[in-house]
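At position 461 of the sequence shown the residue is numbered 613 (the working numbering), and the sequence of numbers has no breaks. Here a beta-carbon is modelled for each residue, glycine too, at the ideal position from N, C-alpha and C. Since the structure is predicted, the reported quantities are computational estimates derived from the model, not experimental observations. Notes follow once the structure below has been shown.
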Amino acid sequence: MMFLSTVLPLRQTLTLLSLVASLQWPLPVNGQNADTPSDSNFIRRGYERAAVIGSHLYLSGGEISQYGTGENALPPDDHPATGISSVLSIDLSTSWDTRNAPFQSHTFPDGDRPPVFNNHALWPWKSSDGKDQGFYIYGGQVSWKETVKDVRKDRGIWKFTVDGQGGGAWTVEQASNPEVLRGLNLTASMAYAAGGGRGWSIGGIMTPGTDPDANITSGPGLRIPGMVEYDFATETWTNYTEVGFLPKGRALEDGRAHFVDGLGEDGKNGVVMMFGGGIFILDVTRKGDSRGITRPDLLLDFNNMTFFDAQTKKWYSQTTTGTPPTSRMGHCVAGVRSQAGTHEIFVYGGADAGFTESYDDLYVLSLPGFVWFRVDDRSNGVHSHGTCAVVGNRQLLVIGGQNEKDGWPAIWQSKDPLPLGLGVFDMTTMTWKNNGSYDAEAAEYRPAEVIEKWYKDGGLDKVQWDSDDVKKMFLATPVNFTNLDKPSSSDKPSSGGGGSGSSDGDTDKSKGESSKSKTGPIVGGIVGGCVVVLGVIGGWLFWRRRNKKKNSAGALSSAELPVQEPSLPPPPPQGFYEPYGHQKELPVHSAATEVYTPPTELSSHAYRWELDPDARPNELHGDAGPRAQELPWEGRPQDLSAYR
């Protein structure tokens, strides 16, 4: 550098150095840009958010890593991944395979787009007549090279309006009550959901990279309790400093939420259900370990589901049965409603509390039965901090994620076994598509055979409801598989070819001709016909048996299958707070039990930082009940969502 300065003028020196730097990382290849590399150049993607809007899947934010110049040149250790600044979309009206997924990349100049966020909330929105229009984004951790100074809470919320062709435009929607928006603590790694014209953000972590007003100078960040709601129609913000499913002084991070429509007190408001995540005790002081990781004090398990009415904000709980997932963080959740009246919610991947292990398993919660099923078929590789979405009727698309066991920075340098980080799962046959093919003409979703059998065998009649209100809410719509057993119009043969009319005519003709035949040919024809028929029947039975065995590899299993669990630690000490779900209806504004007091949001000055005692982590597993699981202290796990 000194040599260049003495030989070349300063401007030429800077120009040359800038050119050299631009050639180093990342370098688009094969006509691809940095946000959409080819599969051969792709390594990992993560922290994105996804939504199906109209006929396209849209991806917002997140980061991606790819090979640099030279053969298999790994990305640098200090910044192995770069932020995805463009809005990506995939056309779902045509079939494709994941290795060549037809990504569209839509770029916007600085100032006309939000900063690149990781682990933010994405809220799809519809017009008043129910048509898909776009999505909002809220919160999130700014990616590398992005600045939190561009987050202007006084400006409103970023809103993306689609154009119907896979693209669209960003605008900022001003709040009708900007004073509430300015007073919010913006977080990342929150649980979020949207439905019925509203969006919700629950918990999360506030860092200097999420909120420009964050007064944080040390430590891993502040966990923020409560819930934020945004009304799309009125452009109104509401800050609920209390949530009914956590006791006072607790905050949720890296949990997931899912909106289920057609439920609620009036049968139509919808409910928002909580799925897993880490629970942090706010008055416990802590700092990160050598990786910057802080371990949660508790994990929210799946033996009990807590949810709130989208309109009244009343909280409820219901005990589940079957084979629930082990407690986890950083998983993905997506759901689909069937024509039989059930609603299946799929939980995939995630990581343990220490972010030392990622998962490749998939579980299904079927409503209204509140019964868990475990999918036997496993995905190709483990994934945490990815996202997923229901696409093409009966397919689940999983998008990105890391293998936490690799550690930093290898989580971005080890190639994802899934092409371009995409995996396709058939929700009806409960099998992963090994060829990674997306079928735009896939049949309508129907619950897996084992789920259907559970309902037909009277499983719903055996549910032990936690309250009459919950029972009334979930049994308002009957479950009926009879209509699914009837052939649809698409199953009827067409009259133009192979239809009943032509076959009947051919049958009549063959009868007339055969009446003129001699007896010998008649007998021979009958015998030969019987042989053919018996052969066809035998072949069909063989095929059916073989196909049934083949499908069993991807079948679901309920409580009869073992679940890999850590060894059980001693029971919790007397006074340990377990039963927050024992209350059946949890109003937001009042205490439900003696040990439950809704938390108030603490200011940034109410936190202290100090070392935590060392211990080995464990999860407590006991009788199914609405509770968390205690994790003894040790060096704290990294908040991947905030610092990568």
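> Based on the DSSP secondary-structure assignment, which residues constitute the bridge partners of Arg-402?
Replying inline: Ile-433
> Apart from the five residues just before and just after Arg-307, which ones in its own chain have a Cβ nearer than 7 Å to its Cβ?
Replying inline: Val-324
> Three or more beta-carbon pairs under 8 Å between the region 230 to 237 and the region 292 to 300, yes or no?
Replying inline: yes
>> Comparing C-alpha positions only, which one of Lys-278, Gly-318, Met-582, Gly-487 sits nearest to Glu-601?
In response: Met-582
> For Lys-803, does the three-state DSSP call read helix, strand or coil?
Replying inline: Residue 803 lies beyond the stretch modelled for the chain, which goes from 153 to 796, so this question has no answer here.
>> Buried or exposed for Arg-350, going by 16 or more other Cβ atoms inside 10 Å?
In response: buried
> Just reading off the beta strand (DSSP E) that Val-516 is part of, what are its end residues?
Replying inline: 514 to 519
>> Between the alpha carbons of Gly-444 and Ser-490, how many angstroms are there, rounded?
In response: 43 Å
> With which residues is Leu-865 paired in a DSSP beta bridge?
Replying inline: Summary: the structure shown does not reach residue 865, with the chain confined to residues 153 through 796, and so no result is reported for it.
>> Only counting the same chain, and skipping five residues up and downstream in sequence, which positions put a Cβ closer than 6 Å to that of Pro-189?
In response: Gln-218
> So the alpha helix (DSSP H) Trp-606 belongs to, where does it begin and stop?
Replying inline: 601 to 608
>> Let's see if you can read the secondary structure: which residues bound the alpha helix (DSSP H) around Leu-333?
In response: For Leu-333, the enclosing alpha helix (DSSP H) starts and ends at 330 to 334.
> In angstroms, rounded to a whole number, what distance separates the CA positions of Glu-215 and Ala-233?
Replying inline: 6 Å
> Taking buried to mean at least 16 other C-beta atoms within 10 Å of its own C-beta, is Arg-334 buried or exposed?
Replying inline: exposed
>> If you follow the beta strand (DSSP E) that Lys-624 is in, where does it begin and where does it stop?
In response: It is not in any beta strand (DSSP E) - Lys-624 instead sits in the alpha helix (DSSP H) that spans 620 to 626.
> Is the region 472 to 490 touching the region 531 to 549, taking contact as three or more C-beta pairs under 8 Å?
Replying inline: Contact between the region 472 to 490 and the region 531 to 549 is present, because at least three Cβ pairs lie under 8 Å.
> Run through DSSP, which three-state label would Leu-452 get?
Replying inline: strand
> Touching or not, the region 502 to 514 and the region 552 to 559, by the rule of three or more beta carbon pairs under 8 Å?
Replying inline: yes
>> If you reduce the DSSP assignment to three classes, tell me which class Lys-305 lands in.
In response: The answer is coil: DSSP assigns Lys-305 none of H, G, I, E or B.
> Anyone know if the C-beta pair for Met-358 and Ala-366 falls short of 8 Å?
Replying inline: A contact, by the Cβ cut-off of 8 Å.
> When the Cβ atoms of the region 593 to 610 are set against those of the region 449 to 459, are three or more pairs found closer than 8 Å?
Replying inline: no
>> Measuring alpha carbon to alpha carbon, tell me which residue in Trp-564, Ile-563, Gly-588 is nearest Leu-570.
In response: Gly-588
>> So the candidates are Ser-280, Val-543, Val-615; which of them puts its Cα closest to the Cα of Ser-245?
In response: Val-543
>> Less than 8 Å between C-beta atoms, sequence neighbours within five positions excluded: which residues of the same chain meet that for Phe-694?
In response: The pLDDT assigned to Phe-694 is 48, lower than 50, so where the model puts this residue is not dependable; a value taken from the coordinates is nonetheless given after this. Excluding positions up to five away in sequence, the list is empty.
> Going straight from the alpha carbon of Arg-197 to that of Trp-564, what length do you get?
Replying inline: 8 Å
>> Pop quiz: Thr-472 and Phe-397 are said to be a contact at Cβ under 8 Å. What is the actual Cβ separation, rounded to whole angstroms?
In response: Incorrect: roughly 14 Å between the Cβ atoms, too far for contact.
> Helix or strand or just coil, what does DSSP make of Trp-277?
Replying inline: In the structure shown, Trp-277 sits in a strand (DSSP, three-state: E or B).
>> Could you check whether Trp-352 and Ala-409 sit closer than 8 Å to each other, using their CB atoms as the reference points?
In response: Their beta carbons are under 8 Å apart, which means Ala-409 touches Trp-352 by this criterion.
>> Only counting the same chain, and skipping five residues up and downstream in sequence, which positions put a Cβ closer than 7 Å to that of Gly-206?
In response: Asp-284, Val-314, Gly-316
> Which whole-angstrom value is the C-beta distance of Leu-336 and Val-380, which I expect to be below 8 Å?
Replying inline: 6 Å
> Does DSSP classify Gly-348 as helix, strand or coil?
Replying inline: coil
> Leaving out five residues before and five after Lys-623 in sequence, what residues of the same chain have Cβ atoms less than 6 Å from its Cβ?
Replying inline: Close CB contacts of Lys-623 within its chain, under the 6 Å cut and outside five residues either way in sequence, are with Trp-617 (chain order).
> With distances taken between CB atoms, is the gap from Glu-394 to Gly-355 smaller than 8 Å?
Replying inline: no
> Who are the Cβ neighbours of Gly-419 in its own chain at under 6 Å, not counting the five residues just before and after it?
Replying inline: Cβ neighbours of Gly-419 within its own chain (closer than 6 Å, five residues either side excluded): Ala-628.
>> Can you give me the C-alpha to C-alpha distance between Tyr-515 and Pro-476, rounded to a whole angstrom?
In response: 7 Å
> Who pairs with Ser-510 in a beta bridge, going by DSSP?
Replying inline: Answer by DSSP bridge pairing, in chain order: Ala-503.
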